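A.B. asks: Heads up, the sequence shown is in the working numbering, so the first residue is -18 and it goes up one at a time. Glycine included, each C-beta is placed from N, C-alpha and C at the ideal position. Predicted model only: the values in this text are computed from it and were never measured.
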Amino acid sequence: MSAHESMEQADQAKEASSQNRKIALLIAIIALCLALSETLGKGAQTESLAKNVEASNLWAFFQAKSIRHTVVQTAADQSKLGLGAASDDAAKAAAQKQIDAWQKTAERYRSDPKSGEGQEQLSERAKHSEEERDLATAKYHHFELASAAFQIGIVLASATIITGIVVLAWISGVLMLAGIAITALGIFMPNLLHLP
-18 MSAHESMEQA
-8 DQAKEASSQN
2 RKIALLIAII
12 ALCLALSETL
22 GKGAQTESLA
32 KNVEASNLWA
42 FFQAKSIRHT
52 VVQTAADQSK
62 LGLGAASDDA
72 AKAAAQKQID
82 AWQKTAERYR
92 SDPKSGEGQE
102 QLSERAKHSE
112 EERDLATAKY
122 HHFELASAAF
132 QIGIVLASAT
142 IITGIVVLAW
152 ISGVLMLAGI
162 AITALGIFMP
172 NLLHLP
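(1) Can you check which of these residues, Leu6, Leu126 and Gln84, is closest to Gln54 by C-alpha distance?
(2) In this structure, how does DSSP classify Asn172 when only helix, strand and coil are distinguished?
(3) Kindly confirm or deny that the region 19 to 30 and the region 41 to 54 touch, where touching means at least three C-beta pairs closer than 8 Å.
(4) Thinking C-alpha only, which one of Asp69, Gly97, Leu62 and Ser96 is nearest Ile80?
(5) Below 8 Å on the Cβ atoms is my contact criterion, and I expect Ala12 with Ile143 to pass it. Report the Cβ-Cβ distance as a whole number of Å.
(6) Within its chain, find whatever has a CB closer than 6 Å to the CB of Leu137; leave out the 5 residues flanking it on each side and keep chain order.
(7) Is it a yes or a no for the region 126 to 133 touching the region 157 to 174, going by three-plus beta-carbon pairs under 8 Å?
(8) How about Gln100 and His50: are their beta carbons less than 8 Å apart?
(9) Residues in the same chain with beta-carbon distance under 6 Å from Ala56, minus the five sequence neighbours each way, listed in chain order, please.
(10) Please confirm whether His123 has its beta-carbon closer than 8 Å to some beta-carbon of chain C.
(11) State buried or exposed for Glu48, treating a residue as buried only when at least 16 other CB atoms are found within 10 Å of its CB.
(12) What is the rounded straight-line gap between the Cα of His123 and the Cα of Met170?
(13) Does the distance from the C-beta atom of Ala16 to that of Glu111 stay below 8 Å?
(14) Can you list, in chain order, the residues of its chain with a C-beta nearer than 8 Å to that of Ala140? Leave out the 5 residues immediately preceding and following it.
(15) When the Cα atoms are used, what is the spatial distance from Ile8 to Ser(-2)?
(16) By how many angstroms is the C-alpha of Ser18 removed from the C-alpha of Ser104?
(17) Does the Cβ-Cβ distance between Arg106 and Leu30 come in under 8 Å?
(18) According to DSSP, is Lys95 part of a helix, a strand, or is it coil?
(19) Mind checking which residues open and close the alpha helix (DSSP H) that includes Gly134?
(20) Asp81 by DSSP, collapsed to three states: which one?
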């Protein structure tokens, strides 16, 4: 082996080493992006689950208030029917007082802005929780898609080191940029794309 061939091999080894360092740096950057996307995705998933539970609880409370409202309103209506049959003025007054109390209670079950626990208020709160759940779910889907792009990018960049096919590194870089764009959409405009 001549000195010239030896120098040529040394240059090729230096070039390969330099290229491998660049690919390793690309992998590290993509892995950082993946970690961020996964963290954001886990946070969005947790928020989505929490808001789903909150909405379910509010709807259950709404249903309980609806049942109570119906029972109290029915009792008031039935008492009104029997009010005419009462002959004693004192009994009529007592019955009317009870009917008025039931109607007041029924109205409070329907709407209670002070406590925020009337049917109307519970319905609004539940709908708001559902909207927040849907937003968190949309974010989660974006972060999951971005994570997939980052993972594929890491695999392709690793394959570049093994195969020496530089186009795989370029594809990896494009996937990293796509993942960053999808992550940004998930953060700032999660409802722009409707992902399954």
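C.D. replies: In this structure, then:
(1) Gln84
(2) coil
(3) no
(4) Leu62
(5) The Cβ separation is near 17 Å, so there is no contact.
(6) Leu149, Ile152 and Ser153
(7) yes
(8) yes
(9) Trp83
(10) Annotation note: the requested chain C is absent from the structure, which comprises a single protein chain.
(11) First, the amino acid is wrong: residue 48 is Ile here, not Glu. Burial call: exposed.
(12) 10 Å
(13) no
(14) Ile146 and Leu149
(15) 15 Å
(16) 34 Å
(17) no
(18) coil
(19) Gln100 to Thr144
(20) helix
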